[in-house]
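S.K.:
Chains as they are written, first to last, in my numbering: chain A, 1 to 180; chain B, 181 to 360; chain C, 361 to 540.
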């Protein structure tokens, strides 16, 4: 009985191998998004993936929705810089808000908790840097991200099934992405 | 003899399990401070904990002193923003300098060195981001942090016994926390 | 056959021990550069080390070149702040552009890939913070770094053999390091 209980406890603790696999997973995943390699990025998500922003409620379900949103919004680093625009206005007017910018995600404080159902809950804080053509750096508001990662039964690789992004500023969606 | 010497050397090297335990310790500890959950934060410190700032010399000893200082200073993210104020002036006039801000700690370059007495010396660089209600991000001056972690004989958990924060700017205490 | 193939695959996967050794390697290496302890920093590189910047093409080969460049450019945190100057102008006019600043490197998204030849390819994104005497923080443009680490046959320690820094802004070399 004790042995069983210990095994159960052990099975929900992150091992060094799993910890590092998760680190390397993100180290491969996020540069695909930064590099606007959107189809490749989506291969690191499950088919039924969800992405949701709090507070506000934008929620995307499945790869088709996500790809359409990302294609319309992520823009091109070598395009002329987009005028000053917020996330909300960019959606209303269908503007690629990251034109002319190289954006990079910075993660910290990663807490990895294997769940009894075999999924991984991963929580971390994140901030996005934006570097413009002249080298000026600006920052998006800070966030906390809650990911659910699952292991693909086919190839054995980790994939993101759900991502919830909680913004530290309630007015994040009205903040200008690329202030002059 | 060689075997003994190797064992001794090994005992002061950080194992993967310990490395990851320390990462997860901070991933649980620091969000409590960021979330102003001060009593819970203090549970991750020893009863005889010390916190000291260099250069300047503010030094806090024990949980009673620390809690009083943090309660008076950390403020509330949903309160109106505090007027422009430095750490020094905030203490002189008893002002909660982080009102209206979500602050987050970013750690990097963590060096973990187990000591012969069983404690862990942990050194890292840290910077604090401040996100205001409109999503504007500003940064506190960079620091280097030296922690001593000890393992509680009761519950077996790591706790912070001593934290020394060395500021990269000699005038950090006169810098305004929340510039407009 | 299957066993052999698996072994070969395993041998090029990063182990937890190696992952953590690399983390601690950088945790020891980079503060030497930040602290202007240049000779000690160079001890963490191989004798035939190279350092190259893209796009632009500054390339340094060997410790003699690198030390000369770093001595001329890195300056002194306690010196008066250098006038506004870019990397390019600092080289043309032989100016230590980091005078009066404490600069710190922030790494993220580290991908470690052991190679068949025994070297380690390490890729990460990096940003440099600059804290001035009054505590003001500014940021260099973001970069992606590709390192090749090798293990010294003598002392068994990791060392950097090649570092390629790809800047996210094509005009990084004309950006002022220390804007007022």
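A virtual CB, placed ideally from N, CA and C, is assigned to each residue, including glycine.
#1: For residue 492 of chain C, I'd like the list of residues in its chain whose CB is within less than 7 Å of its CB, leaving aside the five on either flank, ordered along the chain.
#2: Excluding five sequence neighbours on each side, which residues of the same chain lie with their C-beta closer than 6 Å to the C-beta of residue 388 of chain C?
#3: Any contact of the segment 66–79 of chain A with the segment 165–179 of chain A, i.e. 3+ C-beta pairs under 8 Å?
#4: Report all residues from its chain with a CB closer than 7 Å to the CB of residue 142 of chain A; omit the five preceding and five following residues, and keep chain order.
#5: Around the Cβ of residue 116 of chain A, are there at least 16 other Cβ atoms within 10 angstroms (buried) or fewer (exposed)?
#6: Quick check: what's the CA-CA separation for residue 4 of chain A versus residue 299 of chain B?
#7: I want to see whether chain C comes within less than 8 Å of residue 351 of chain B, judged by CB atoms only; does it?
#8: Quick check: is the beta carbon of residue 525 of chain C nearer than 8 Å to any beta carbon in chain B?
#9: Under 8 Å, with one C-beta from each stretch per pair, do the segment 194–209 of chain B and the segment 230–244 of chain B reach the 3-pair mark?
#10: Please report the distance separating the alpha-carbon of residue 359 of chain B from that of residue 253 of chain B.
#11: Report the start-end ranges of each alpha helix (DSSP H) in the segment 375–449 of chain C that is 4 residues or longer and not cut off at the edges.
#12: Suppose you measure from the CA of residue 521 of chain C to the CA of residue 414 of chain C; what does that come to, to the nearest Å?
#13: Where residue 526 of chain C and residue 505 of chain C are concerned, what is the direct C-alpha to C-alpha distance, given to the nearest angstrom?
#14: Is residue 170 of chain A helix, strand or coil by DSSP?
#15: Any C-beta of chain B within less than 7 Å: which residues of the segment 443–473 of chain C qualify?
#16: Please return the same chain residues whose Cβ sits closer than 6 Å to the Cβ of residue 471 of chain C, not counting the five positions on each side in sequence.
#17: Output needed in chain order: residues of the segment 121–132 of chain A with a Cβ under 8 Å from some Cβ in chain C.
#18: Are the C-beta atoms of residue 501 of chain C and some chain B residue less than 8 Å apart?
#19: For residue 283 of chain B and residue 217 of chain B, I'd like the C-alpha separation in whole angstroms.
#20: Could you check the C-alpha separation between residue 203 of chain B and residue 331 of chain B for me, to the nearest Å?
#21: Could you tell me which chain C residues have their CB closer than 9 Å to the CB of residue 145 of chain A, listed as they occur along the chain?
#22: Taking a Cβ distance cut-off of 8 Å, strictly less, list which residues of the segment 209–243 of chain B are near chain A, in chain order.
#23: Using a Cβ cut-off of 9 Å, which residues of the segment 148–160 of chain A contact any Cβ in chain C, in chain order?
#24: CB residue 351 of chain B to CB residue 425 of chain C, shorter than 8 Å?
#25: CA-CA distance, residue 113 of chain A and residue 336 of chain B?
#26: Compare the Cα-Cα distances from residue 508 of chain C to each of C:430, C:523 and C:457 and report the closest residue.
#27: Nearest-angstrom Cα distance between residue 375 of chain C and residue 404 of chain C?
#28: Which residues in chain B have a C-beta closer than 7 Å to the C-beta of residue 377 of chain C? List them in chain order.
#29: Distance, Cα to Cα, residue 452 of chain C vs residue 445 of chain C?
#30: What residues are listed by DSSP as bridge partners for residue 519 of chain C?
#31: Please confirm whether any heavy atom of the ligand PLP lies closer than 7 Å to the CB of residue 87 of chain A.
#32: Along the chain, which unbroken stretches of the beta strand (DSSP E) at least 3 residues long are found entirely within the segment 269–318 of chain B?
#33: Just to check my reading of the structure: residue 210 of chain B and residue 109 of chain A have Cβ atoms closer than 8 Å, yes? What is that Cβ distance to the nearest angstrom?
#34: Residues of chain B with CB closer than 9 Å to the CB of residue 175 of chain A, please, in chain order.
M.R.: Let me lay it out:
#1: 441, 460 and 461
#2: Contacts found: none.
#3: no
#4: 125, 127 and 168
#5: exposed
#6: Residue placement at residue 4 of chain A is flagged as unreliable, the pLDDT there being 38, under the threshold of 50; a coordinate-derived value is accordingly withheld.
#7: yes
#8: no
#9: Segments in contact, no.
#10: 17 Å
#11: 376–394, 398–402 and 422–433
#12: 17 Å
#13: A direct Cα-to-Cα measurement between residue 526 of chain C and residue 505 of chain C gives close to 6 Å.
#14: coil
#15: Cβ contacts with chain B: 462, 464, 466 and 467.
#16: 483
#17: 129, 131 and 132
#18: no
#19: 13 Å
#20: Looking at the two C-alpha atoms, the distance is approximately 15 Å.
#21: Residues of chain C passing the Cβ test: none, with the nearest at roughly 14 Å.
#22: 210 and 211
#23: none
#24: Against a cut-off of 8 Å, the Cβ pair of residue 425 of chain C and residue 351 of chain B comes out as no contact.
#25: Taking the straight line joining both Cα atoms gives about 19 Å.
#26: C:523
#27: Approximately 22 Å between the Cα atoms of the pair.
#28: 196
#29: 11 Å
#30: Residue pairing by DSSP puts residue 519 of chain C in a beta bridge opposite C:510.
#31: Within the structure as shown, the ligand PLP is missing, as the structure has no ligands at all.
#32: 281–294 and 300–312
#33: 6 Å
#34: The answer, in chain order, is 314, 315 and 316.
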